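Asks:
Residue numbers (our numbering): 772 to 929.
1) Tell me, to the nearest whole angstrom, how far the beta carbon of residue 926 is from that of residue 896; I am working on the premise that it is less than 8 Å.
2) For my contact list, residue 831 and residue 796 are in at a C-beta cut-off of 8 Å; report their separation, rounded to the angstrom.
3) When the Cα atoms are used, what is the spatial distance from residue 871 to residue 798?
4) For the 8 Å Cβ check, are there 3 or more pairs between the region 853-862 and the region 820-829?
5) Do residue 833 and residue 843 have their C-beta atoms closer together than 8 Å?
6) Please report how far the alpha carbon of residue 783 lies from the alpha carbon of residue 793, in whole angstroms.
7) Look at the Cβ atom of residue 915, then the Cβ atom of residue 900, and state whether they are nearer than 8 Å.
8) Taking 7 Å as the cut-off, is the C-beta of residue 862 nearer than that to any heavy atom in the ligand COA?
9) Along the chain, where does the alpha helix (DSSP H) that runs through residue 910 open and close?
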């Protein structure tokens, strides 16, 4: 599942002329999330991996059909539901790095997709992503601070 997560991310982000392929990325995500597969064992998959797969699912659905907000929202909601599990089961530094990725992505989605009403829940998630990243991941901190500036979300200075 971890390998499919990484592969789907690469296929989603890389331009088509360099080998990116949203349809293949979508197939990877679907395969990774397929709970009916005989080799699937949810207990072996880290919660942050599942959350990032759901976020990828939402991004890919958005690229394939930008008007289908219901699927995108459902994907991000699935990822958001995993936040308490990530906090509980992955308190180490790597888990915290992944938590700030999940919080930031969901916070950004809420602010961009729902506009002003999304800020009530999205801005605090982004602020928390920045706060966690300031302790465990300088590159993630820079990324989420840039997103906050773009969205006009004020944060304390680092």
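Think of the CB as a built atom: it goes at the ideal place given N, C-alpha and C, for glycine as much as any other residue. Quantities reported herein were computed from a predicted structural model and do not represent experimental measurements.
Replies: Taking the structure as given:
1) Not quite, the Cβ-Cβ distance comes to about 12 Å (not below 8 Å), so this is no contact.
2) 6 Å
3) Between residue 871 and residue 798, the C-alpha separation is close to 26 Å.
4) yes
5) Yes, they are a contact pair.
6) About 5 Å.
7) yes
8) As presented, the structure is devoid of all ligands, the ligand COA included, so that no description of it is given.
9) 909-921
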